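K.L.:
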Amino acid sequence: MRYQGREVDVEGRVRLVMESALTARDRVGVQDFVLLENYNSEATFIENLRRRFGENLIYTYIGSVLVSVNPYKELEIYSKQQMERYRGVSFYEISPHIYAVSDNTYRAMRTERKDQCILISGESGAGKTEASKKILLYYAVTCPTNDHMATLGDRLLQSNPVLEAFGNAKTLRNDNSSRFGKYMDVQFDFKGAPVGGHILNYLLEKSRVVHQNHGERNFHIFYQLLDGGDNDLLITLDLERNPQNYNYLGNCPRLSSVSDKNNWKVVMKALSVIGFTEEEVQKLLNIIASVLHLGNTQFGEREEGETYITTETQITNLAKLLGVDGSALREALTHKKLTAKGEEMISPLDFEQAVSARDALAKAVYGRTFTWLVEKINHSLALKEEIYHSGKGCSVIGLLDIYGFEVLQHNSFEQFCINYCNEKLQQLFIELTLRSEQEEYETEGIAWETVQYFDNKIICDLIEEKHKGIISILDEECLRPGETCDVSFLEKLEDTLGGHPHFVTHKLANGKTRRVMSREEFRLLHYAGEVNYNVNGFLDKNNDLLNRNLKEVMCQSDNQILSHCFRREEVIGQKRPEMAATQFKNSLTKLMEILMSKEPSYVRCIKPNDAKQPGRFDEVLVRHQVKYLGLMENLRVRRAGFAYRRRFEAFLQRYKPLCPETWPNWHGRLADGVSALVNHLGYKAEEYKLGRSKIFIRFPKTLFTTEDALEAKKPDIALTLQTSWRGYRERAKYQRIRRAVIVIQSGWRGMKARRRAKRRRQAAELIRRFIKGFIYRHEEYCPENEYFLDHVRYSFLKNLSKNLPKSVLDKNWPKPPPSLDEASEHLRRMHMRNMVTKYCRRVQPEWKKQMMQKVVASEIFKDQKDSYPQGVGRLFLDSRLEREQINLKVIQTLANDKVQYGVSVIKHDRRGFKPRSRQLLLTNTFAVLVDRTKTKQRIDYTTLRGISVSSLSDGMFVLHLPNEDNKQKGDLVLHCNHVIELVTKLAMMASKVNHVNISPGSIRFAMARGKEGIIDFVRGSELKVTKGKRGHLLVTAPRINST
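And the structure:
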């Protein structure tokens, strides 16, 4: 078992322990605001929120309510593994998460068979839409499914990008702000699998179609069509790519955070998944394009005041896209039809009325098309069987994603409706929360304590009360004959509601308030704070009327979508349609009825800053949202009784180590165990209550003290567990080893005995065969002697493998048996050849060259010259002269003939035998004798007749040259310290190996003019070269010690 916010294994399932976060509360705060000691302090509330936000802990509970702070960045907490972690786990046993709320709602629906709903609220940009996406994704991934249900899941998920494209827009606060309210029912069968869905939409902001504030955009679909649609489509729709060419698209055509082109592809794919046909998609895009063309329709005014259309091209395009008659549309945009005493009259519109009629048509077309789009999605999501809301084995989870309380710089009719909606939701929230608390107390048998809270029913009545409420007064003013305007509506409000404590106008306010209110505003004191509403446009927006003749034109459209949206009954009937505010009030009443019939769960979304920057926490902005979301009110209601409650088994399981009576196990009644535990911990009577199945702790301090005691006890618990575990482990290990030893011993003894008997049988058989083979060893190979002979051969080959010669010089070879003589000789030759081959392969090129030269030297000098052993024992160098020692002029004289070998020599003159230092350079075709910078003599190898050396240890040698011509100088008499090396290289280069003469006593050589010279060689103590008797050259060679 692991604590510190990690996993704990309870009944075989991996869970997260909620209380584990208490141990880190100083750093990251508490994960349930109910556990705050000073729960009445708004500063403490916000500081706890800030701490958790700083640690990327964006979710916090207020009891069963989830507070979510938008991180404005991707967090690694939404993977499939995270879904599995939260699946099927008790709500309070895990850290706060949107998946915990989703799973708790789903399991409550399954176990209690009662419809559920999740209410998501918060201001624009707080993350409501993303929260609803995460909930739908959780159900799509974790719920049981088949092929049909997988398709339904895809349609549920794909409905989001479609509704976002047509119902979301960029505002000053949010790049993807939902401009409508959405309630979605997800239907589940008795197995818990999603089988259907249904969407209700509320109060689409139609005014955005024709006007946007500076820095805001129209609905996304317009920009996606222009940026992502292909050229052929735009040509068909008569559109251009530049959004600034269209009056309805404002002055903010592009967003850095949004790719309209990519989103267009997503929307088109989503429409296909949901089930839209290509024809329906084309009709839908025709309508979207027609709205843009409507915005570019311009009017002129003649002198007599009659209005006419100046952009005939736009009318032609409009008629084609809307599928209506062009002349009828032109007439309807510039004239209105009036009915008086049963007679119809056509009256021309002035310029302002024509513009208003055009904008009204654009809003009506877009708004009704959006309603049709939702109906189409509902048809795609609907159950095939007609069981929606019938209760026949079908349970529902509702998902309400609706605009939060809005307080803008300029608040109008839309903000009035939005804030009215939030007042109703707050009223429902407080009522259901109190009812839930009271039911839990009654179930557990604990006395209910009255909770003081602000009841906003007085505000709801102020807005919706019949005949006296703001909506009734607004409708009455719209229907009143005569001249009516927004100011007269404000005056009527002052007359009717003048004394109401939550209603203020400039006329009714005190001097201080008048300075911050205009004369066209009224102020409502909402539960979340004061809001000033400007009455300009209230009557027009509430009327939301379309001229009768425009309706008649649209009813005749051959666009199936528009003909569905504009019914003939609407033109024929004389009944005036309900006003916009009344329609909204009625739909809100139905929504409240739907929510009251379900068990609610709540998600409160908070925006940490207006700049949409990750990691930034704007305390003023957050405090404002905490106030208007009613979070402090919610906390006070939740804390009115007890701050902490847990089932007996969960409480006892966690804290039983703190009491000797309950540790390690309690075997009695759970209530008795909890009672013994709290008595041991010293709980006072006012600090807790024991219900029928739960313990209720009043103060967080009591829980924190208990948690700190558990933290202090954990080392002792760990030591006890370690000791017990180690003892158990070692005992179990010993028993396993003992059993294993017995098994191994028995098996080993049996195996040894069987092996011994087998070896004896084999040995006896082997001996018999061997003896018989020895007896028949001289016979031909036969069954009687085959084993013996094979053994003899095997023994010889095995012995041979161990005693093979290691070098080519080793001639030893084991003696073979008579039957293997021939084979042995073959093997010997093969082995010798193999060793020679390996040796030759190992010889490097330079050593091969050395050996070739040494072999030639051996052929020439071995056993014939005394200095041979010393000379051949040294390395033969490539040259005895460095390149720098050879004069550059000599090298240039040689031109392309490269010097292969060079050595210093002493030349003895033919006359007087005077010694002179020279260099002898050998090339591939000739040798040259060099005196410093001059070439003294060139000796072509082809003319060289022979080489003579003595048999002593001197370095004298004679190069015999041709002497047919008296002009020839005669043979060369040279002395070299490396005579063996020099003569060998010269003989090889000149191919004169067989022309080397070794004389034991004297050498005769030719001199100039046909004369002959003689060199006498004698042994002495040291090397001397002198002129001897009779003009001979006497060379004394030192004796070489043979040792």
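Residue numbering for the sequence shown follows our numbering, beginning at 57 and increasing consecutively.
Beta carbons: idealized from backbone N, C-alpha and C, even for Gly.
Being a predicted model, the structure only gives us computed values, none of them experimental.
Going by the CB atoms, is the gap between residue 354 and residue 306 shorter than 9 Å?
P.N.:
Going by C-beta atoms, residue 306 is not nearer than 9 Å to residue 354.
K.L.:
When the distance is taken between beta carbons, is residue 1040 closer than 9 Å to residue 1018?
P.N.:
Cβ distance not < 9 Å, so residue 1018 and residue 1040 don't count as in contact.
K.L.:
Shortest alpha-carbon distance to residue 501 belongs to which of 432, 524 and 747?
P.N.:
Considering only alpha carbons, the answer is 747.
K.L.:
Residue 234 bridges to which residues according to DSSP?
P.N.:
DSSP lists 224 as partners of residue 234.
K.L.:
Taking 9 Å as the threshold (C-beta atoms), are residue 260 and residue 223 in contact?
P.N.:
Yes.
K.L.:
Please say whether residue 607 and residue 622 have beta carbons closer to each other than 9 Å?
P.N.:
Yes. Within cutoff.
K.L.:
Shortest alpha-carbon distance to residue 758 belongs to which of 556, 734, 1070 and 220?
P.N.:
That would be 734, whose Cα lies nearest to the Cα of residue 758.
K.L.:
Under the three-state reduction of DSSP, which class applies to residue 447: helix, strand or coil?
P.N.:
Annotation note: pLDDT 44 at residue 447 (below 50); position unreliable, coordinate value reported separately. It is coil, neither helix nor strand.
K.L.:
Please work out which residues of its chain come closer than 6 Å, Cβ to Cβ, to residue 875, disregarding the five sequence neighbours upstream and downstream, and give them in chain order.
P.N.:
Nothing meets the Cβ criterion.
K.L.:
How far does the alpha helix (DSSP H) with residue 138 in it extend, from its first residue to its last?
P.N.:
Run containing residue 138: 136-142, per the alpha helix (DSSP H) assignment.
K.L.:
Name the two residues that bound the continuous beta strand (DSSP E) containing residue 750.
P.N.:
Residue 750 -> beta strand (DSSP E) spans 750-753.
K.L.:
Touch check for the segment 936-952 and the segment 1054-1071: three-plus C-beta pairs under 8 Å?
P.N.:
Taking 8 Å as the limit for Cβ pairs, the verdict is that the segment 1054-1071 does not touch the segment 936-952.
K.L.:
Which whole-angstrom value describes the C-beta separation of residue 200 and residue 249, a residue pair presumed to lie in contact below a C-beta threshold of 8 Å?
P.N.:
Contact holds; Cβ gap of about 5 Å.
K.L.:
DSSP three-state call for residue 109: helix, strand or coil?
P.N.:
Reduced to three states, the DSSP call for residue 109 is helix.
K.L.:
By the 10 Å Cβ neighbour count, where 16 or more other Cβ atoms means buried, how is residue 652 classified, buried or exposed?
P.N.:
Under this definition residue 652 is an exposed residue.
K.L.:
Hey, out of 950, 818 and 226, whose CA is closest to residue 312's CA?
P.N.:
Considering only alpha carbons, the answer is 226.
K.L.:
Where residue 773 and residue 723 are concerned, what is the direct C-alpha to C-alpha distance, given to the nearest angstrom?
P.N.:
Between residue 773 and residue 723, the C-alpha separation is close to 20 Å.
K.L.:
From 254, 346, 437 and 164, pick the residue whose C-alpha is nearest to that of residue 293; which is it?
P.N.:
Of the listed residues, the one whose Cα sits closest to residue 293 is 346.
K.L.:
With a floor of 3 residues, list each beta strand (DSSP E) that falls wholly inside the segment 584-633, ordered by position along the chain.
P.N.:
Entirely contained in the segment 584-633, the beta strand (DSSP E) runs reaching 3 residues are, in chain order, 585-590.
K.L.:
What are the partner residues of residue 1093, as DSSP defines its beta bridges?
P.N.:
Paired residue(s): 1075.
K.L.:
According to DSSP, which residues form a beta bridge with residue 965?
P.N.:
Paired residues: none, contrary to the question.
K.L.:
Along the chain, where does the alpha helix (DSSP H) containing residue 580 start, and where does it finish?
P.N.:
Where residue 580 is concerned, there is no enclosing alpha helix (DSSP H), although the beta strand (DSSP E) it sits in stretches over 577-582.
K.L.:
If contact is defined by three or more beta carbon pairs under 8 Å, each pair taking one atom from either stretch, is the segment 513-522 in contact with the segment 552-566?
P.N.:
Touching, per the Cβ criterion.
K.L.:
Closest by CA to residue 178, which one among 107, 885 and 482?
P.N.:
The shortest Cα separation from residue 178 among 107, 885 and 482 belongs to 482.
K.L.:
Inspect the beta-carbon positions of residue 234 and residue 470 and report whether they are closer than 9 Å.
P.N.:
The answer is no: Cβ separation not under 9 Å.
K.L.:
Closer than 8 Å is the cut-off here; do at least three beta carbon pairs connect the segment 1047-1058 with the segment 951-968?
P.N.:
Cβ pair count under 8 Å is below three, so no.
K.L.:
Specify the secondary structure class of residue 657 as computed by DSSP and reduced to three states.
P.N.:
Three-state result, residue 657: strand.
K.L.:
Of all the options 114, 819, 411 and 459, which has the alpha carbon lying nearest to the alpha carbon of residue 237?
P.N.:
Looking at the Cα atoms, 459 is the closest of the given residues.
K.L.:
Curious, which full-length alpha helix (DSSP H) runs of at least 4 residues does the segment 864-904 contain?
P.N.:
For the segment 864-904, whole alpha helix (DSSP H) runs of length 4 or above, ordered along the chain, are 877-898.
K.L.:
Closest to residue 136 by C-alpha separation, out of 169, 1014, 198 and 714, would be which residue?
P.N.:
If we check each option's Cα against that of residue 136, 198 comes out closest.
K.L.:
Determine the closest residue to residue 477 out of 644, 325, 883 and 921, with distance taken between C-alpha atoms.
P.N.:
Of the listed residues, the one whose Cα sits closest to residue 477 is 644.
K.L.:
Runs of 4 residues minimum, wholly inside the segment 655-718: which ones carry the alpha helix (DSSP H) assignment?
P.N.:
Listed in chain order, the complete alpha helix (DSSP H) runs (minimum 4 residues) inside the segment 655-718 are 675-684, 687-694 and 704-711.
K.L.:
When you compare each of 584, 391, 161 and 989 to residue 940 by their alpha carbons, which one comes out closest?
P.N.:
The option with the nearest alpha carbon to residue 940 is 989.
K.L.:
What residue from 865, 850 and 864 has the CA that sits closest to residue 4's CA?
P.N.:
Lying outside 57 to 1099, the shown extent of the chain, residue 4 is not represented and no answer is given.
K.L.:
Applying the criterion that 16 or more other CB atoms from any shown protein chain within 10 Å of the CB defines a buried residue, is residue 661 buried or exposed?
P.N.:
It counts as buried.
K.L.:
Does any CB atom of chain B fall closer than 9 Å to the CB of residue 862?
P.N.:
The chain inventory of the structure shown lacks chain B, comprising one protein chain alone.
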